[in-house]
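Notes follow the structure.
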Amino acid sequence: ASTARKVVDSGKWWSDKAKKAGLVLAVEAAQPELEAAFGELLELRLSNLPNYLLLKALQPFLFHASLLSELNKLVEEISRERNVVLISEFNRRIAAIVLNEPVPFLYERLGEKYRHLLIDEFQDTSVLQWNNLLPLVENAVANGGLSLAVGDAKQAIYRWRGGELEQILRLYQGDTGVLASRARDADMQRLLSERYFTLQSTLEPRSLAVNFRSEPAIIGFNNEFFTYVRERNVEGELVAGIFEDGFQQAVPRSLAVAGTDLGDATPAGHVELLFTQKDAPARRYVPTTGQYLDEPLPGYPAEAVLDYNESTCYLALQLIEQALADGHQLRDVAILCRTRWQSRLVAKFLKERGFPIISADSLALQFAEVVNLLVAIMRVLHQSGDTLARAEALLLVDKVVRRLPPTPERARHIAAVANDKESGKPFFDELRSLGFEVEEAKTGNLGLYEMTERLLGIFGLLGANAESDYLFRFLDLTLEFSLKHGNNLGSFLTYWDERKGALSINAPGGADAVTITTVHKAKGLAYSIVIVPFADWTLVPRVDTMLWGRLETAAKPLPDLPDVAVVRLNKGLAYTPLAAQDTEEREKTLLDGLNTLYVAFTRPRHRLYILSKAPAEPRKTTGELPLTATAEPAATQGPARDVADLLAGYLRHLGRWQDETTSFVLNPGAIQKTNNEKRATKP
Numbered sequence: 007a008s009t010a011r012k013v014v015d016s017g018k019w020w021s022d023k024a025k026k027a028g029l030v031l032a033v034e035a036a037q038p039e040l041e042a043a044f045g046e047l048l049e050l051r052l053s054n055l056p057n058y059l060l061l062k063a064l065q066p067f068l069f070h071a072s073l074l075s076e077l078n079k080l081v082e083e084i085s086r087e088r089n090v091v092l093i094s095e096f097n098r099r100i101a102a103i104v105l106n107e108p109v110p111f112l113y114e115r116l117g118e119k120y121r122h123l124l125i126d127e128f129q130d131t132s133v134l135q136w137n138n139l140l141p142l143v144e145n146a147v148a149n150g151g152l153s154l155a156v157g158d159a160k161q162a163i164y165r166w167r168g169g170e171l172e173q174i175l176r177l178y179q180g181d182t183g184v185l186a187s188r189a190r191d192a193d194m195q196r197l198l199s200e201r202y203f204t205l206q207s208t209l210e211p212r213s214l215a216v217n218f219r220s221e222p223a224i225i226g227f228n229n230e231f232f233t234y235v236r237e238r239n240v241e242g243e244l245v246a247g248i249f250e251d252g253f254q255q256a257v258p259r260s261l262a263v264a265g266t267d268l269g270d271a272t273p274a275g276h277v278e279l280l281f282t283q284k285d286a287p288a289r290r291y292v293p294t295t296g297q298y299l300d301e302p303l304p305g306y307p308a309e310a311v312l313d314y315n316e317s318t319c320y321l322a323l324q325l326i327e328q329a330l331a332d333g334h335q336l337r338d339v340a341i342l343c344r345t346r347w348q349s350r351l352v353a354k355f356l357k358e359r360g361f362p363i364i365s366a367d368s369l370a371l372q373f374a375e376v377v378n379l380l381v382a383i384m385r386v387l388h389q390s391g392d393t394l395a396r397a398e399a400l401l402l403v404d405k406v407v408r409r410l411p412p413t414p415e416r417a418r419h420i421a422a423v424a425n426d427k428e429s430g431k432p433f434f435d436e437l438r439s440l441g442f443e444v445e446e447a448k449t450g451n452l453g454l455y456e457m458t459e460r461l462l463g464i465f466g467l468l469g470a471n472a473e474s475d476y477l478f479r480f481l482d483l484t485l486e487f488s489l490k491h492g493n494n495l496g497s498f499l500t501y502w503d504e505r506k507g508a509l510s511i512n513a514p515g516g517a518d519a520v521t522i523t524t525v526h527k528a529k530g531l532a533y534s535i536v537i538v539p540f541a542d543w544t545l546v547p548r549v550d551t552m553l554w555g556r557l558e559t560a561a562k563p564l565p566d567l568p569d570v571a572v573v574r575l576n577k578g579l580a581y582t583p584l585a586a587q588d589t590e591e592r593e594k595t596l597l598d599g600l601n602t603l604y605v606a607f608t609r610p611r612h613r614l615y616i617l618s619k620a621p622a623e624p625r626k627t628t629g630e631l632p633l634t635a636t637a638e639p640a641a642t643q644g645p646a647r648d649v650a651d652l653l654a655g656y657l658r659h660l661g662r663w664q665d666e667t668t669s670f671v672l673n674p675g676a677i678q679k680t681n682n683e684k685r686a687t688k689p
């Protein structure tokens, strides 16, 4: 289409070759008709393009949507037959009642008992939850009570669980009409409008601006960085509303006066951005200088390079060592990751190098090798032909009990024993040859608790390693199961497979260990030193992101299309009836990433280290690198695709970015030496 438009606009309908062949006159004669035909085609294309793009997006998922509809019908049928209601239906059914009654009887009774209401973490409240509470709030306010909704839209990180940050934003702005208009049908919009009209005059937005958690330098960095974020995303209405001019946090007066270093103008607190990448040098990094030494890391040759994950983990390790050298303890350090997979990666890396850690996985029974050894032997006792369980048990006996490193010869021998066709006799004979008499016939007939106790004694596991807490918890588990469900070994193993992800020990109190957790679980907590590795997550929807949109009847290109449009996000949706919903989804994906960043950056008290990936296409420079780069206005940089781009853009905005530089210390303030453990605080 673009090539044809150029031909029509230029009026040149022939090539030089056609001119030489004497065809110009024929083309010129047909030119008016060709131009008219092109105009008709263009008009036809423009008028049908939205429907074409919509149907093209819908087509791959029409079968899926139909299948889900049929499954829903089956679920409803089973619910009726068994007289049960899904938990997910509760809020919908409550909403169907409370929104159609002036003040329901139940809420009248509650309203007589509770005159003042507090809704915490309001930014993570779903639309249905709020709509169900709305009549109760209306009743309380009408009777002279106080209703308080507390939250922070910048910390809304549970959209995947139904949380709707726009509710607290619109209530704070007094724009309740937008919330009412979100309802799907006219009757619901009318009911919500009436309730919001009652509340409109009672709305009193308040902002708690003083940050009592962090040092002045960290507060200042967050204020400046997220102001830059807002200026860079000028087209985002929600971004502009959440990070408005008044969002900045203030330093407590006591810190504003006393929180400087040795009387100078540098505020207390340390903020540092570090960038690494694939093929980073396997050399020791010195946090105090921000430079790599020529000294290679332990176990690496001089010219070795690290991949991105290894390099990030080593940077985190060396930052922990620096904190210890400065007088901190391991308990003062927290590593906050975006995903559980990243948390496991860092935890495994530090644990292998002798660092004690506290993490969700480190406390989980399923990751304790002594527990896995017991379960593997139980599986063989239950089904002697389980070759995978045989191999796992023998490998763990070598590693956990005999403390022997694996060798190729031993691995081949274990494989041969595990794959032996003769039931479980070769396996138990192998254990006997190693000095462990299981007496499989006798042990297999014991109750679960007694079987576990006997296996602990045979392999000498209690007191022989640092995982006794996991063994005692596993013993408790076998006892609990046998009391409730009996001593069937097969049933217990099925229960273990289904529930092992939720079984853990309690965190040891006062343990001097590095905390490794996800940003979501760190919400509401504070730590002396925070390291945020892998700060490079995307700020745009993934290529496989699905949009569950709503199609109005008038917007349907075909009358039989369902009201729900299931499509994969793509640029073409901008020209369809789903354009507004596409834009909203993209902005909320951006906010998901930004809010996660905000929660992570506001956890530290004294030090904040941000470990990111060097931008994929760093700006080229000629000659020597300048001491300072040129500052760039945020609005000219365009939207960022990921956090790494955002961080590098911020440094360019400050005029601080330099290619090939690893460390950017934004504030080198003096650091408090403290042994405080993490404590729960309000965000």
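Under the working numbering, the first residue of the sequence shown carries the number 7, and numbering increases by one thereafter.
By construction, the Cβ of each residue, glycine as well, lies at the ideal position given by its N, Cα and C atoms.
Assigned secondary structure, residue i (DSSP; H/G/I helix, E/B strand, else coil)
i: Ala646; result: coil
i: Val240; result: coil
i: Tyr120; result: coil
i: Phe540; result: coil
i: Pro362; result: coil
i: Arg99; result: helix
i: Arg290; result: strand
i: Glu473; result: coil
i: Thr523; result: strand
i: Gln297; result: strand
i: Ile511; result: coil
i: Pro412; result: coil
i: Leu557; result: coil
i: Glu210; result: coil
i: Leu545; result: coil
i: Ile163; result: coil
i: Leu672; result: strand
i: Glu278; result: strand
i: Lys619; result: strand
i: Tyr58; result: helix
i: Ala155; result: strand
i: Pro610; result: strand
i: Pro258; result: coil
i: Ala215; result: coil
Presumed contact (8 angstroms Cβ cut-off) between residue i and residue j, rounded CB distance
i: Ala159; j: Ile248; result: 5 angstroms
i: Leu509; j: Leu483; result: 7 angstroms
i: Leu597; j: Leu244; result: 6 angstroms
i: Leu477; j: Leu468; result: 6 angstroms
i: Phe480; j: Leu371; result: 6 angstroms
Close Cβ partners of residue i (< 8 angstroms) along its chain, the five nearest in sequence each way excluded
i: Glu144; result: Val109, Arg201, Thr204 and Leu205
i: Leu198; result: Leu105, Asn137, Leu140, Leu185, Ala186 and Ala189
i: Leu553; result: Ala571, Val572, Val573, Arg574, Leu575, Leu579, Leu584, Gln587, Asp588 and Glu591
i: Asp426; result: Pro432 and Phe433
i: Gly507; result: Ala370 and Gln372
i: Ser368; result: Ala353, Lys357 and Ile522
6 angstroms CB neighbourhood of residue i in its chain, flanking five on each side removed
i: Arg625; result: A caution first: Arg625 carries a pLDDT of 44, below 50, which makes its placement in the model too unreliable to give a value.
i: Leu631; result: In this prediction, Leu631 scores a pLDDT of 36, lower than 50, which makes its location untrustworthy; no coordinate-derived value is stated.
i: Gln173; result: Trp136
i: Val377; result: Leu371, Tyr476 and Phe480
i: Phe232; result: Phe249
Residues near residue i in its chain [Cβ-Cβ closer than 7 angstroms; skip 5 each side]
i: Pro211; result: Tyr178
i: Arg121; result: Ala146, Asn149 and Gly151
i: Leu485; result: Tyr455
i: Ala399; result: Leu379, Ala382, Ile383 and Val386
i: Thr318; result: Thr282, Pro539, Phe540 and Leu617
i: Asp313; result: Lys284
i: Val671; result: Glu278 and Gly296
i: Leu61; result: Pro563
Practice problem: Tell me, please, whether the stretch 185 to 202 touches the stretch 225 to 233 by the rule of three or more beta-carbon pairs shorter than 8 angstroms. | Solution: no
Quiz item: Touch check for the stretch 123 to 140 and the stretch 167 to 182: three-plus C-beta pairs under 8 angstroms?
Solution: yes
Quiz item: Is the stretch 584 to 601 touching the stretch 68 to 80, taking contact as three or more C-beta pairs under 8 angstroms?
Solution: no
Exercise. Inspect the CB distances between the stretch 590 to 609 and the stretch 516 to 528 and report whether three or more fall short of 8 angstroms.
Key: yes
Exercise. Mind the definition here: the stretch 640 to 659 touches the stretch 353 to 367 only if three or more C-beta pairs lie below 8 angstroms; say whether that holds.
Key: no
Quiz item: Mind pulling the beta strand (DSSP E) runs of 3 or more residues that sit fully within the stretch 479 to 508?
Solution: none
Quiz item: Do the stretch 437 to 454 and the stretch 344 to 351 make contact, defined as three or more Cβ pairs closer than 8 angstroms?
Solution: no
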